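In the numbering used here, the protein residues as written are 610 to 930. Even for Gly, the Cβ is constructed at its ideal location relative to N, Cα and C. Note that the structure is predicted; figures quoted are calculated from it, not measured.
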Amino acid sequence: DNRDGILTAAGGVATRTEYPDLPVLEAHRGRARGYVKVQDGCDNRCTYCIVPLVRGPSRSRAIEKVVEEAAGLERSGHAEAVLTGIHIGKYGRDLAEDLSLSSLVAAVLDATKKIRLRLSSVEVGELDGALVDHVAGNPRVCRHLHIPLQHGSDPVLRRMDRGYSSAEFSESVESASGRVPGLGLGTDVIAGFPGESEQDFRATYDLLDALPFSYLHVFPYSPRPGTPAAEMQGRPPKAEVTRRVRELRALSARKNLAFRENLAGQRLEVIREVTDSSGTHQCRSDNYVLLSFRGECPPGRFELLATEVDEDGLRAVLPGD
């Protein structure tokens, strides 16, 4: 169905060339966090991914539309706006030479006064100095970056067509982490990609262990029909993939626990996400940790003092309580 007149299909491949502007959804009203989609589609051709085929090339929303929507979220009482999309690091490149994700962030900050901004996933090649400057230097930009790795072995990265080496990835991540104290840093990783040897897996594990990630999203490889990887030979046995996923998820749990332990005793800026039936408020810090506390909950962005680690996050109190 092509009701908006923008999507055409050629051999089943999406070829949208402009961003369809849709009305702001009412679903976010009354919530602390809202989502602003800044672009759609992807220009990358990772061999395992079907997204470019079904979503088409990267198309950015007009900067004034994004700014208007973020300002509208602030006016309606939201405390946080998440800038989302399929490949947000490519924002603006299809619109003007001087537009980028960092210039979009600057424009939203200039047009708002209170709302904090969170970036969704950003590819390592688009993690430029100007973007890290916002995260490091502006208290209204969350200290949180999600930078997909996908694999830590260079031969596998080449088969995935990711466009960077493990050393290049490490250098960028360590640079960003060194500039942003307390940075919440997440990544995606695939286990069991075709041709992945035990040596490849160990290289991935060791790289993830060495880098300052606070959480990992771990996925077993799943072939997508129509992608080059689906035709590749040498998939590891299912039992091996299951073991590798289990090891990586255990590593994620260990790194996340260490990250939370380091935050105990610190003040963290949070927004309330939900209050459960017992009256406990569940809040999210700017560096993407869940904090829980009881008592009167301030509106908007506020500080909590993290007191101790619990099962999923941190227990906390209002400073002075």
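**Message:** With a threshold of 8 angstroms, are at least 3 pairs of Cβ atoms found where one atom belongs to the region 782 to 794 and the other to the region 827 to 841?
**Reply:** The region 782 to 794, when compared against the region 827 to 841, does not touch it at the 8 angstroms Cβ threshold.
**Asked** Are the Cβ atoms of Asp737 and Ser711 separated by less than 9 angstroms?
**Response** Residue mapping note: residue 737 aligns to position 128 of the sequence shown, counting from 1. Residue mapping note: residue 711 aligns to position 102 of the sequence shown, counting from 1. Pairing Asp737 with Ser711 gives a Cβ-Cβ distance under 9 angstroms.
**Asked** Is it buried or exposed for Ala915, if we count other Cβ within 10 angstroms and need 16 for buried?
**Response** Counting from 1 along the sequence shown, the entry for residue 915 is found at position 306. By the neighbour-count rule (16 or more Cβ atoms within 10 Å), Ala915 is buried.
**Request:** For Arg852, name the three-state secondary structure that DSSP assigns.
**Result:** The residue labelled residue 852 in the question sits at position 243 within the sequence shown. Residue state, collapsed to three classes: helix.
**Prompt:** Near Leu766, which residues of its chain fall below 8 angstroms by C-beta distance, leaving aside the five closest residues on each side in sequence?
**Reply:** Against the sequence shown, residue 766 aligns to sequence position 157. If the five residues before and after Leu766 are omitted, its C-beta is found closer than 8 angstroms to the C-beta atoms of Gln759, His760, Tyr773, Ser774, Ser775, all from its own chain and listed in chain order.
**Prompt:** DSSP three-state call for Gly772: helix, strand or coil?
**Reply:** To locate residue 772, count along the sequence shown from 1; it is residue 163. Here Gly772 sits in coil by DSSP.
**Item:** Between the CA atoms of Lys722 and His890 - distance to the nearest angstrom
**Value:** Along the sequence shown, one-based indexing puts residue 890 at 281. Along the sequence shown, one-based indexing puts residue 722 at 113. Cα-Cα distance, rounded: 25 angstroms.
**Message:** For Ala819 and Arg684, I'd like the C-alpha separation in whole angstroms.
**Reply:** What you label residue 819 is simply residue 210 of the sequence shown in a count that begins at 1. What you label residue 684 is simply residue 75 of the sequence shown in a count that begins at 1. Approximately 42 angstroms, taken between the alpha carbons.
**Message:** Suppose contacts are defined by Cβ-Cβ distances below 9 angstroms. Is Leu877 in contact with Ser861 by that definition?
**Reply:** Numbered from 1 along the sequence shown, position 268 holds the residue referred to as residue 877. Numbered from 1 along the sequence shown, position 252 holds the residue referred to as residue 861. Between Leu877 and Ser861, the CB-CB gap reaches or exceeds 9 angstroms.
**Item:** As assigned by DSSP and simplified to three states, the class of Arg835
**Value:** For the purposes of this step, residue 835 is taken as residue 226 along the sequence shown, with counting starting at 1. Sequence check: residue 835 is Gly here, not Arg. In the three-state reduction of the DSSP assignment, Gly835 falls in the coil class, being assigned neither a helical nor a strand state.
**Prompt:** Going by the beta-carbon positions, is the gap between Val717 and Ala690 smaller than 9 angstroms?
**Reply:** Residue 717 sits at position 108 when you count from the first residue of the sequence shown. Residue 690 sits at position 81 when you count from the first residue of the sequence shown. Going by C-beta atoms, Val717 is nearer than 9 angstroms to Ala690.
**Prompt:** DSSP three-state call for Ala739: helix, strand or coil?
**Reply:** For the purposes of this step, residue 739 is taken as the residue at position 130 of the sequence shown. Taken through DSSP and simplified to helix, strand or coil, Ala739 comes out as helix.
**Asked** Leaving out five residues before and five after Asp921 in sequence, what residues of the same chain have Cβ atoms less than 6 angstroms from its Cβ?
**Response** By 1-based counting over the sequence shown, the position of residue 921 is 312. So the list reads Leu899, once near-sequence residues are dropped.
**Request:** Give every residue of the same chain whose Cβ lies closer than 8 angstroms to the Cβ of Ile695, excluding the five residues on either side of it in the sequence, and list them in chain order.
**Result:** Sequence index remark: in the sequence shown, residue 695 carries index 86 (1-based). Counting only Cβ-Cβ distances below 8 angstroms, and skipping sequence neighbours, we find Gln648, Asp649, Gly650, Cys651, Val660, Arg664, Ser667.
**Item:** Per DSSP, the bridge partner or partners of Ile880
**Value:** Against the sequence shown, residue 880 aligns to sequence position 271. Per DSSP, Arg893.
**Asked** Is it buried or exposed for Glu678, if we count other Cβ within 10 angstroms and need 16 for buried?
**Response** The sequence position of residue 678 within the sequence shown is 69, counting from 1. Looking at its Cβ environment, which holds 16 or more other Cβ atoms inside 10 Å, Glu678 is buried.
**Request:** Say whether chain D places a C-beta atom closer than 9 angstroms to the C-beta of Asp737.
**Result:** The displayed structure is made up of one protein chain only, and chain D is not part of it.
**Item:** Distance between beta carbons of Ala688 and Arg725, contact taken as under 8 angstroms
**Value:** Taking the sequence shown and counting its residues from 1, the one referred to as residue 725 is at position 116. Taking the sequence shown and counting its residues from 1, the one referred to as residue 688 is at position 79. At roughly 7 angstroms, the Cβ-Cβ gap stays under 8 angstroms, so Arg725 and Ala688 are in contact.
**Prompt:** What separation, rounded to the nearest whole angstrom, lies between the Cα atoms of Ser784 and Asp742?
**Reply:** By one-based count along the sequence shown, residue 784 stands at place 175. By one-based count along the sequence shown, residue 742 stands at place 133. Note on geometry: alpha-carbon atoms of Ser784 and Asp742 lie some 12 angstroms from one another.
**Prompt:** First and last residue of the beta strand (DSSP E) that includes Tyr824?
**Reply:** One-based indexing of the sequence shown puts residue 824 at position 215. Taken as a continuous stretch (DSSP letters only), the beta strand (DSSP E) holding Tyr824 covers 824 to 829.
**Message:** With H, G and I counted as helix, E and B as strand and the rest as coil, what does DSSP make of Ile672?
**Reply:** Stepping through the sequence shown from its first residue, residue 672 is reached at position 63. Secondary structure of Ile672 (DSSP, three-state): helix.
**Item:** Beta carbon of Tyr897 nearer than 9 angstroms to that of Cys751
**Value:** Against the sequence shown, residue 897 aligns to sequence position 288. Against the sequence shown, residue 751 aligns to sequence position 142. Yes, the pair counts as a contact, with Cβ atoms nearer than the cut-off.
**Request:** Taking the CB atoms as reference points, tell me whether Arg858 and Leu825 lie closer together than 9 angstroms.
**Result:** Residue 858 sits at position 249 when you count from the first residue of the sequence shown. Residue 825 sits at position 216 when you count from the first residue of the sequence shown. Arg858 is a Cβ neighbour of Leu825, given a cutoff of 9 angstroms.
**Request:** Could you have a look at Ala925 and say whether DSSP puts it in helix, strand or coil?
**Result:** Within the sequence shown, residue 925 is the residue found at index 316, counting from 1. Shown here, Ala925 sits in a strand according to DSSP, grouped into three states.
**Message:** Residues in the same chain with beta-carbon distance under 6 angstroms from Gly943, minus the five sequence neighbours each way, listed in chain order, please.
**Reply:** What is shown of the chain runs 610 to 930, which leaves residue 943 out entirely.
**Asked** Since Ser685 sits in a beta bridge, which residues does DSSP pair it with?
**Response** Start at 1 with the first residue of the sequence shown, and residue 685 comes out as number 76. According to DSSP, which records beta bridges pairwise, Ser685 is partnered with nothing at all.
**Message:** If I follow the unbroken alpha helix (DSSP H) through Ser901, where does it start and stop?
**Reply:** Here residue 901 refers to the residue found at position 292 when the sequence shown is read from its first residue. No alpha helix (DSSP H) holds Ser901; the beta strand (DSSP E) holding it covers 899 to 903.
**Request:** Look at the alpha carbon of Ser729 and the alpha carbon of Glu807, and state the distance between them as a whole number of angstroms.
**Result:** By 1-based counting over the sequence shown, the position of residue 729 is 120. By 1-based counting over the sequence shown, the position of residue 807 is 198. One C-alpha to the other measures close to 31 angstroms.
**DSSP-derived helix/strand/coil call for Arg910** = The count along the sequence shown starts at 1 and reaches residue 910 at position 301. Under the three-state reduction of DSSP, Arg910 is assigned to coil, being neither helix nor strand.
**Item:** Residues bridged to His755 [DSSP beta-bridge criterion]
**Value:** On the sequence shown, position 146 is the one that residue 755 refers to. In the DSSP assignment, His755 forms a beta bridge with Gly795.
**Item:** Reduced DSSP secondary structure (H/G/I, E/B, other) of Gln842
**Value:** As a first step, residue 842 is located in the sequence shown; it is residue number 233 there, counting from the start. Three-state DSSP puts Gln842 in coil, outside helix and strand.
**Prompt:** Is Asp707 buried or exposed, if buried means 16 or more other CB atoms sit within 10 Å of its CB?
**Reply:** For the purposes of this step, residue 707 is identified with residue 98 of the sequence shown, where counting begins at 1. Taking all protein chains shown into account, Asp707 has fewer than 16 neighbouring C-beta atoms within 10 Å of its C-beta and is therefore exposed.
**Rounded Cβ spacing between Ala720 and Val676 (contact assumed at less than 8 angstroms)** = Counting from one through the sequence shown, the residue named residue 720 turns up at place 111. Counting from one through the sequence shown, the residue named residue 676 turns up at place 67. With a Cβ gap of about 5 angstroms, Ala720 and Val676 count as contacting.
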